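Chains as they are written, first to last, in this note's numbering: chain A, 105 to 266; chain B, 105 to 266.
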DNA sequence: TATTGTTATACTCTATAACTATA
DNA sequence: TATAGTTATAGAGTATAACAATA
């Protein structure tokens, strides 16, 4: 968040070392930006992409879905409404509890999320190719360990992207 | 984006290694989530925080602001409207071109962004403390080099967080 | 009574197109 | 004519509170 965070309107100093905060923030915005761009190719938002991603290996209730995405249940209703209107998901009544609604990916939704994921993975691959192979695997390993350690410390509560 | 991305609804495997895509995506959502939470303490959004951050060392025109934030100029108008209504920024007429409007941080806006930044920096610090000191500086260095290399490859176009 | 999901409402955020005022 | 900024409009996304149906 310091002034060095903005390299787009100031001459770059090649030896400049980004602070931990700046680096992490910029990398995060860059990564989400890549996802946003790929999602945009399919005319959907990041949160819709996350919705579809969550449904790839699950058929959760509305309530579970809201928890998975960190949303209020009324927000989940609207999100699923819009996805359903576009034929990407369907609502299925639960057979055991007539209050409950299950949310399921349609074939169209599954196809869409597969394409968007492939594009995003390609983008991340391109990004990581900026580093040498050893550096790359070092970075990926460190990130992995950081996330696992943080999840453990917090009783597991990572953001499910997909 | 693979199924391993969701560790919140599945038993954790301590030896599980996250893929590059999953790791980067999760780390990014986690980081932006931290920022979102700190911004929320001050009842402002991430984009409002970025607006204030950009203004910390600049007094751009509306047009420049829109470019810096990657928004349409009409979106910038609304963003600044809402920030101005809350006393966080002010519009200042340009003395050289009467069409131009400059956007400036108020003292209240400066105070708010300072607090939110401090909180966010503390959060990032806490997160990084999950790693040992050597691993931490290794990670920060790798991220920094990755961002610099990517900016160079793309003709410098990193996301300015602040 | 408690829970599940929806609805009503209000706001932020975003873009497109049309507009005003300056240059 | 071209540029800077605003306005009008439409839609997505979000939360809070009230509600209906079911448990």
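Note that CB positions come from ideal geometry on N, CA and C, so glycine has one too. Computed from a predicted model, the values in this text were never measured in an experiment.
Would you kindly report the start and end of the unbroken beta strand (DSSP E) that includes residue i?
i, result
"residue 195(A)", "193 to 197"
"residue 244(A)", "Premise fails: residue 244(A) lies in the alpha helix (DSSP H), 237 to 257, not in any beta strand (DSSP E)."
"residue 122(B)", "Per DSSP, residue 122(B) belongs to no beta strand (DSSP E) and is neither H nor E."
"residue 205(B)", "205 to 209"
By the 10 Å Cβ neighbour count, where 16 or more other Cβ atoms means buried, how is residue i classified, buried or exposed?
i, result
"residue 221(A)", "buried"
"residue 225(B)", "buried"
"residue 258(B)", "exposed"
"residue 154(A)", "buried"
"residue 144(B)", "exposed"
"residue 124(A)", "buried"
"residue 117(A)", "With a pLDDT of 46 at residue 117(A), under the threshold of 50, the modelled position of that residue is not reliable, and the figure given next carries that caveat. It counts as exposed."
"residue 178(A)", "exposed"
"residue 236(A)", "exposed"
"residue 217(B)", "buried"
"residue 132(A)", "buried"
"residue 176(A)", "exposed"
"residue 126(A)", "buried"
Taking the alpha carbon of residue i as the point to measure from, which residue in the options has its own alpha carbon closest?
i, options, result
"residue 254(B)", "227(A), 259(A), 246(A) and 244(A)", "227(A)"
"residue 249(A)", "185(B), 242(B), 250(B) and 257(B)", "242(B)"
"residue 150(B)", "131(B), 173(B) and 130(B)", "173(B)"
"residue 157(B)", "213(B), 199(B) and 202(B)", "213(B)"
"residue 268(B)", "130(B), 211(B) and 232(B)", "For residue 268(B) there is no data in the structure shown, the boundaries of chain B being 105 and 266."
"residue 231(B)", "234(A), 246(A) and 218(A)", "246(A)"
"residue 196(A)", "234(A), 137(A), 163(A) and 175(A)", "163(A)"
"residue 198(A)", "139(A), 167(A), 171(A) and 251(A)", "167(A)"
Round the Cβ separation of residue i and residue j to the nearest angstrom and send it over; I've been treating them as touching at under 8 Å.
i, j, result
"residue 206(B)", "residue 159(B)", "Not quite, the Cβ-Cβ distance comes to about 10 Å (not below 8 Å), so this is no contact."
"residue 169(A)", "residue 180(A)", "5 Å"
"residue 128(A)", "residue 165(B)", "In fact, because the Cβ distance is near 30 Å, the residues do not count as touching under 8 Å."
"residue 223(A)", "residue 142(A)", "4 Å"
"residue 193(B)", "residue 184(B)", "6 Å"
"residue 146(B)", "residue 219(B)", "7 Å"
"residue 152(A)", "residue 251(B)", "Rounded, the Cβ-Cβ distance is 28 Å, inconsistent with contact."
Which residue marks the beginning of the alpha helix (DSSP H) containing residue i, and which one marks its end?
i, result
"residue 185(B)", "177 to 189"
"residue 157(A)", "150 to 159"
"residue 171(B)", "166 to 173"
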